[in-house]
Each structure stands twice: as C-alpha cells, then as structure tokens.
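In order, the protein sequence lines correspond to chains A and B. Residue 272 in full-length UniProt numbering sits at position 272 of the first sequence, with consecutive numbering throughout. Residue 67 in full-length UniProt numbering sits at position 67 of the second sequence, with consecutive numbering throughout. Every residue, glycine too, gets a C-beta built ideally from N, C-alpha and C. Bear in mind the structure is a predicted one, so any value in this text is a computation, not a measurement.
Number of protein chains: 2
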Amino acid sequence: MTRKRHATATDVARLAGVSQSAVSRAFTPGASIAEETRARVAEAARQLGYRPNAIARSLTTRRSRIIGVAASYLQNHFYPDVLEALSRGLQARGYQMLLFMPDAGRHADPQLQEVLAWRVDALILASTTLSSALADQCQAAGIPVLLFNRTSRAPSVSSVTGENLRGGRLIAEFLVASGHRRLGFLAGIENSSTSRDRESGFCGWLQENGHPPPLREVGLYQFEEAAAAARRLLARPDRPDAIFCGNDHMATAVAEVARHEFGLRIPRDLSLVGFDDTGPARWPSFSLTSFSQPVQPMVDATVALVCEMIEDPATPTRHEVVRGELVVRGSARMPPEGCVSLAEQLVWRPVRNDITG
Amino acid sequence: MTRKRHATATDVARLAGVSQSAVSRAFTPGASIAEETRARVAEAARQLGYRPNAIARSLTTRRSRIIGVAASYLQNHFYPDVLEALSRGLQARGYQMLLFMPDAGRHADPQLQEVLAWRVDALILASTTLSSALADQCQAAGIPVLLFNRTSRAPSVSSVTGENLRGGRLIAEFLVASGHRRLGFLAGIENSSTSRDRESGFCGWLQENGHPPPLREVGLYQFEEAAAAARRLLARPDRPDAIFCGNDHMATAVAEVARHEFGLRIPRDLSLVGFDDTGPARWPSFSLTSFSQPVQPMVDATVALVCEMIEDPATPTRHEVVRGELVVRGSARMPPEGCVSLAEQLVWRPVRNDITG
DNA sequence: CTGAAAGCGCTTACAG
DNA sequence: CTGAAAGCGCTTACAG
Numbered sequence: 001m002t003r004k005r006h007a008t009a010t011d012v013a014r015l016a017g018v019s020q021s022a023v024s025r026a027f028t029p030g031a032s033i034a035e036e037t038r039a040r041v042a043e044a045a046r047q048l049g050y051r052p053n054a055i056a057r058s059l060t061t062r063r064s065r066i067i068g069v070a071a072s073y074l075q076n077h078f079y080p081d082v083l084e085a086l087s088r089g090l091q092a093r094g095y096q097m098l099l100f101m102p103d104a105g106r107h108a109d110p111q112l113q114e115v116l117a118w119r120v121d122a123l124i125l126a127s128t129t130l131s132s133a134l135a136d137q138c139q140a141a142g143i144p145v146l147l148f149n150r151t152s153r154a155p156s157v158s159s160v161t162g163e164n165l166r167g168g169r170l171i172a173e174f175l176v177a178s179g180h181r182r183l184g185f186l187a188g189i190e191n192s193s194t195s196r197d198r199e200s201g202f203c204g205w206l207q208e209n210g211h212p213p214p215l216r217e218v219g220l221y222q223f224e225e226a227a228a229a230a231r232r233l234l235a236r237p238d239r240p241d242a243i244f245c246g247n248d249h250m251a252t253a254v255a256e257v258a259r260h261e262f263g264l265r266i267p268r269d270l271s272l273v274g275f276d277d278t279g280p281a282r283w284p285s286f287s288l289t290s291f292s293q294p295v296q297p298m299v300d301a302t303v304a305l306v307c308e309m310i311e312d313p314a315t316p317t318r319h320e321v322v323r324g325e326l327v328v329r330g331s332a333r334m335p336p337e338g339c340v341s342l343a344e345q346l347v348w349r350p351v352r353n354d355i356t357g
Numbered sequence: 001m002t003r004k005r006h007a008t009a010t011d012v013a014r015l016a017g018v019s020q021s022a023v024s025r026a027f028t029p030g031a032s033i034a035e036e037t038r039a040r041v042a043e044a045a046r047q048l049g050y051r052p053n054a055i056a057r058s059l060t061t062r063r064s065r066i067i068g069v070a071a072s073y074l075q076n077h078f079y080p081d082v083l084e085a086l087s088r089g090l091q092a093r094g095y096q097m098l099l100f101m102p103d104a105g106r107h108a109d110p111q112l113q114e115v116l117a118w119r120v121d122a123l124i125l126a127s128t129t130l131s132s133a134l135a136d137q138c139q140a141a142g143i144p145v146l147l148f149n150r151t152s153r154a155p156s157v158s159s160v161t162g163e164n165l166r167g168g169r170l171i172a173e174f175l176v177a178s179g180h181r182r183l184g185f186l187a188g189i190e191n192s193s194t195s196r197d198r199e200s201g202f203c204g205w206l207q208e209n210g211h212p213p214p215l216r217e218v219g220l221y222q223f224e225e226a227a228a229a230a231r232r233l234l235a236r237p238d239r240p241d242a243i244f245c246g247n248d249h250m251a252t253a254v255a256e257v258a259r260h261e262f263g264l265r266i267p268r269d270l271s272l273v274g275f276d277d278t279g280p281a282r283w284p285s286f287s288l289t290s291f292s293q294p295v296q297p298m299v300d301a302t303v304a305l306v307c308e309m310i311e312d313p314a315t316p317t318r319h320e321v322v323r324g325e326l327v328v329r330g331s332a333r334m335p336p337e338g339c340v341s342l343a344e345q346l347v348w349r350p351v352r353n354d355i356t357g
C-alpha cells in the first residue's frame, strides 16, 4: 500500500476545465475571479477532496502563518490556561501554533533552531528566555520575539508580564499591615526576571520601611522543590509567621507541608500569599490570597503585540505590564483596613497619605 | 525597514564555491559528500547564519515531520503532563508538534482542516474524536490518526487508552469490599468512550454481583460542573456514602464541595475514588484513591505506534490498552484485605476464587 | 476576469 | 564525489 497523493491545484484545474492559477484564485479571498468560475472550482475541489497545500503556499508567500510557542512548567496551572487562551487567540487571527517545551530553568535555545527552520512568523516564549546570541540571530533574521511572563536582560526583546514589582511591594505592605513581622520569601527560579522582580519589590518595600529582610528559600517554581524549601523554613526555631511564595503553585506546596507535616493552621499559625491567582489556589482548601496575573488580558496583549510586530517589523521594543490586584482570600491574616469588594472579589487597596506608594 | 531575507542554499553555495546541491548534501545526514566539501559548506553557512528551510524541504520530500496534536481539558492535570511527555517523545524522533485545542466535548473537525493543510505526517487526538467523515478523509489522504485516551465508534481508528473497563469493575469491587452499599457514579462527557467504558465496567460489575445500580450524575469532566453535580448528589436524603468519580479532576471538585459545603469528612462520611492518578489528587489534602493511567507508558505507546503508522501505512488498526493499578490512598475506606505494597505504593489486588474477575 | 510563466528553496535521480 | 536540472505545489505579476 503506497501513500496516497493529495489532490493538487493542477488536478482540480483539469477537472474544472480552468487553469491552475484560477484554482489558486478561487481559494484566495479577495482575488479577482468570476463567481461562476469559483463555483466550478469549488465543486471540482469538493469532488477531489482538495485543500490548498499550506507548505507550498508558505514557500511562495514567504509567510508561514505559524508562530513558534515555547512553554514550560505546565504543572503550574497558570500555563495550561495561558496555552488555551493563546491557542484560541492565534487561531482567531489565522495562525497555527508550533509548540515546544524547553527544559525548565534553561534557555529555549536548542529546540529553537528546529523551530526557526520552519520560518515561523514569530516566536512567543512563555516562562523561558533565549540566549542573547539567539536573540541576535532572530533579530538578524527579522523574526519577532516576544517574551511572556519573563523579561530579558537584553532589553531589546519585547515582553508581556504582570506587575511583578508592584505586586511584591504590595504583598510586603499587606503582610506588615496584618501585623506580621517574621516574614519569609520563597523564590522561584533565581535568575528568572519574575522571581527577581517579585523579590526586589518585596524586599525593597521592607527595607524602605525599616523592616529586616525576610528569611529566604528557593523553590525553583516546582512543587517538590517548594515543599522541600517549606520544610527547611518551617523547621527553623525562628520560623516565619508569613510567607510570600513566588507563585501559587509553590504556595500550594507550602500549604500542604505546613498543614500535613507541621500541623499548622492557615492563617492562624501561618499566613501564605501567592502570585498568579490561578488553579487550585482558588479552591476552598487553599483559598489563597494572591496577586493576580489575569490570563486573558495578558494573552490578549501578547497576541495583539505579536501581530503588530509581524505586520510592522519596525515596531519598537515594548514591555507591556498587565495590571493585577492583590486578591484577598483566607490564606493570610487580614489587615484591619484596606480590603474592598471589586467584581465579586475582595481586593486590597491600602489607603495612603503619600502619592507614590 | 523591510523584512530581511534568510540566507538560502544558493547563497551558501556561492560563498563556498560549490554547487547548491552540494550545500543540500552537506546538510543531509548520510549523503555522499567529501568531508572537505562539507567543512567548507559548514563554514560558509555559519558565516551567513544559514539553516535549511524546513518548508522547502517538506515540499520536495513530501514529508513534513510535523505531527498535528489536539488536546483539550487542560485544566485536568493529566493533559499538561501528557503534553510534556508527548513533546519530549516526538522531539526525540525528530518531529515537531502543531498543537490545536478543540472546544471541550466537541469534535476536533473545524480546526482539523487547517492542520491538514499543513500535510502533517500524522494526527494525535487527545481527549477528542473526529467525525467519521473526517476519519474517512484522513484515511483517503493516507494520514495516520491516533486517538489518545478515547476510542472512536468507527473501529478503524487506532487508539491508546488506559484500562477503563477493568478500572471501573475493580473500583466497584473495591468499594463493595469496603462495605459500601450506597454508591454514586459521576460521569464525565457522556458520549466519550472513557466515560462510557468506566461506567459500564462499574455498573457491569455491580449488576453481575447482585448490587443495585449507583446513583448517577454528570460532571462533564469539568471542575465546576462536577462541583454542581456533587451538590445535587450530596443533598439527597439517600446520598451515597461512596462516589466513583470519572476522573481525578472531578474527584477533587467533589472533595472540595463535600468538605467545605457539606462538612463531610473523607473517608469517614464519604469515600471517593478517582481515575488517572495525577496532579493535585496525589497531594496530602486529597490523597485520592484512584485507578492509574500512567502517562509515560501511555505516551511511549502513542509515539511508538504513530511512528510505526507513518513508516508503514499498512499498519493495521490497533487499540493499545495500557495497564493501570488501583492506587490506594486515604480518600476511600479500605477493604479488610487485598491491599499490597508495590513500588512504594499501596495498590489493590483482590484475592479471587474465580479465574476471570 | 483569465492563463502562461516565473519563482519560492529545497531534494534527488542522473550523468559524469 | 559533484553539478545541472527537474520537480515539489503553490502565488503573483504580466499580458491579454
């Protein structure tokens, strides 16, 4: 049994009694073709089960209408949600998604070469970065690159992120306002921009307001690593009474360890705050207070920006920051004031004397 | 700023002082080319940042080395895990993954047309099916189709699944052995083969052994739907004291509702059993007893089978069923006997007089 | 509105 | 081992 050949435009042309160019036009929206011709072609195509070959089309148009997407950390619920929204958004704009999954904590470089061979129209890297060599290569080849939930040290790569810095600051203020003084911070991947920004927001606010730096552990944005870090943190004689976890995924790990291994009650014995506001963190069992990174707005911004970059290669580098809220639930002691209802949620909006905050 | 052109084989040939064919050979493993020529080409390619264009290659070879992958229900942790394993497996065999996400509970048909335009070498559909019209179209075009965690009513489409039927039967036996008599079943998508098979295994065993059928609700494999179903089930005067949930994802929803809305203790007031053995279900808070669908073996079988189908179009239809175990944890009352340790886990291996079971 | 023809960037017999 | 040439299946000026 040999592999069957797909019908080609030439086959259809022969059957419809028109030229091959006419067949092509019949499948090109806006092409100049008589309605009757189009109908004849459509009928012939139907009979033969013809569909234009996207590979051949891409070769001639030099636009693949494929976008390379990198994603890692899919155990963190945030990313499956992002992937679904991204798939929908790109599909709606007529793009396909070539997905690859770099190893967690590493550059996307190795697999990227394979993806670039496909002459993707753009690259979206979620929770990964690329080496600056690769960034240069993409730049030289004119391939737009967009980082999602990361920024690059090379400032010329555009990005879409949440409010990592403001979130970190607000969480510090929130925990202090709740009366906590023995704070802990659980870092994600240490050289990821999100972890660094959240930490520097958190520690920055503490320092500026005369508080000592938090105890610190590293959870690498992974469940098991975070659980191990929690064990170290909670076993200390001076264990923290509040922990800011670099994301919700790690916060759930910490909650599990705190309750089931240390017998702690949350938030009575330990306050927990996360980042992302997704997935299990919202379930009653965790009811996590968390700074939100709203998936749909972030993905909308990503899709819009990436399309703009494709359409106009001269689009300047942009770093879009999508607004979030400190969503207040039950995992952290509440401050005496500042919690307001917003869209059926409780969020924290501290009243301040100063303008900046 | 106009879009830069990628260097082509012809550019490289010119620089290296060889023919364009030589350049092609230099990038074709196993092609007959002098080592010195290859080196000259490699150097020229490096200078120009040349990478063979996969689109052009696919057009001539008529093999895209792209596999179309459909996945839905990414909120269910099982699928992100599957996606990661699949990505790794396909990558290792030199395939790229064109991902699309059909709407939950629907056929993959609409987006499939777009994917087929890319002349994918095969199609893997996870948690979806395709219409029989589409199945025929793929068959006619010689495109291998593989269903993952589903079977098709059209028996000619190959599949890889877990032991849905045996799992359902075993869970019935397990719950009855634990002394439960008021059973409930929470269905997933009713016309999905997994849900039907699990249910018929469960109900089949009950019937064969003289037990009444379980109370029944539908959760559509979605968290919120499952929570709503749990509310209906648990509000009944004759509420079940054990529920077999069509998968772990729904089981966690039921656990949340049972505990936080009905104040039930698990397993004292209610036993819960799931299916999949993944994700949050394993966390101490849920500690779900669940029939496993081991991701890696299932994905290994999928990758092996799909490659075989690509290599040899005459590969006959196959329905691979990957062995699972009833993993015993704390969410369901334990039967007096039959639990054995296996690979650091407790699994249920009932002792039987009869041979079949 | 339509067709003939060039060209997209490769691979692969074929002849040497 | 190497090069010239055909061909993969389209799109798109160009001329009519």
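Chain-ordered chain A contacts of residue 78 (chain B) [CB-CB under 7 Å]
Correct list: empty, because the minimum Cβ distance to chain A is about 11 Å.
Beta-carbon gap between residue 189 (chain A) and residue 220 (chain A) smaller than 8 Å
yes
Counting only runs that start and end within the stretch 85-156 of chain A, where is the alpha helix (DSSP H) found for 4 or more residues in a row?
109-116, 132-141
Would you list the residues sitting across from residue 276 (chain A) in a DSSP beta bridge?
A:292
Counting only beta-carbon separations shorter than 8 Å, does residue 59 (chain A) have a partner in chain B?
yes
Distance check for residue 202 (chain A) and residue 147 (chain A), CA to CA, integer angstroms please.
23 Å
Output yes if chain B places a C-beta closer than 8 Å to the C-beta of residue 100 (chain A); else output no.
yes
Let me check one thing: in DSSP terms, what residues is residue 20 (chain A) bridge-paired to?
None; residue 20 (chain A) has no bridge partner.
Bridge-paired residues (DSSP) for residue 391 (chain B)
Past the boundaries of the shown model lies residue 391 (chain B); chain B is included only from 1 to 357, so the question cannot be answered.
May I ask you to list, following chain order, the residues of the UniProt domain "HTH lacI-type" (7-61) of chain B that have a beta carbon less than 7 Å from some beta carbon of chain A?
49, 51, 52, 53, 54, 55, 56, 58, 59
Enumerate in chain order the residues of its own chain whose CB-to-CB distance from residue 177 (chain A) is below 6 Å, with the five nearest sequence positions on each side excluded.
335
Any residues in the stretch 284-302 of chain B with a beta carbon nearer than 7 Å to a beta carbon of chain A? Which ones, in chain order?
284, 285
Within the continuous beta strand (DSSP E) that includes residue 68 (chain B), where are the two ends?
66-70
Could you have a look at residue 74 (chain A) and say whether DSSP puts it in helix, strand or coil?
coil
Where do the ends of the alpha helix (DSSP H) carrying residue 171 (chain B) lie?
164-177
Residues of the stretch 257-284 of chain B in Cβ contact with chain A at a cutoff of 9 Å, in chain order, please.
257, 259, 260, 261, 279, 280, 283, 284
With 9 Å as the C-beta to C-beta threshold (strictly closer), list the residues of the stretch 106-135 of chain A near chain B in chain order.
111, 113, 114, 115, 116, 117, 118, 119
Checking the sheet assignment: what are the DSSP bridge partners for residue 245 (chain A)?
A:186
For residue 159 (chain B), does the three-state DSSP call read helix, strand or coil?
strand
Taking only beta-carbon positions, decide if residue 83 (chain B) is within less than 8 Å of chain A.
yes
Using the Cβ count rule (16 or more neighbours within 10 Å means buried), how would you classify residue 249 (chain A)?
buried
Using the beta-carbon of each residue, which ones in chain A are nearer than 8 Å to residue 97 (chain B)?
98, 99, 100
Give the range of the alpha helix (DSSP H) segment to which residue 198 (chain B) is assigned.
193-208
Would you say residue 91 (chain A) reaches chain B, if we count a Cβ-Cβ gap shorter than 8 Å as a contact?
yes
Residue 217 (chain A) by DSSP, collapsed to three states: which one?
strand
Look up residue 325 (chain A) in the DSSP assignment and say whether it is helix, strand or coil.
coil
Going along chain A in order, which residues have a C-beta closer than 9 Å to the C-beta of residue 215 (chain B)?
Correct list: empty, because the minimum Cβ distance to chain A is about 24 Å.
With burial defined as no fewer than 16 other Cβ atoms inside 10 Å of the residue's Cβ, what is the status of residue 209 (chain B): buried or exposed?
exposed
Does the beta-carbon distance from residue 95 (chain B) to residue 126 (chain B) come in below 8 Å?
no
Residues of chain A with a CB under 9 Å from the CB of residue 75 (chain B): which are they?
77, 80, 81, 84, 279
In the DSSP assignment, what are the bridge partners of residue 271 (chain B)?
B:242
Could you name the residues of chain B that residue 87 (chain A) contacts, counting a contact when the two beta carbons are closer than 8 Å?
99, 100, 101
For residue 319 (chain B), three-class secondary structure by DSSP
strand
Cut-off 7 Å between Cβ atoms - residues of its own chain near residue 15 (chain B), not counting five sequence neighbours on either side:
44, 47, 48
Runs of alpha helix (DSSP H) wholly within the UniProt domain "HTH lacI-type" (7-61) of chain A (minimum 4 residues, chain order)
9-16, 20-26, 35-48, 54-61
Going by C-alpha distance, which of A:115, A:67, A:6, A:101 is nearest residue 62 (chain B)?
A:6
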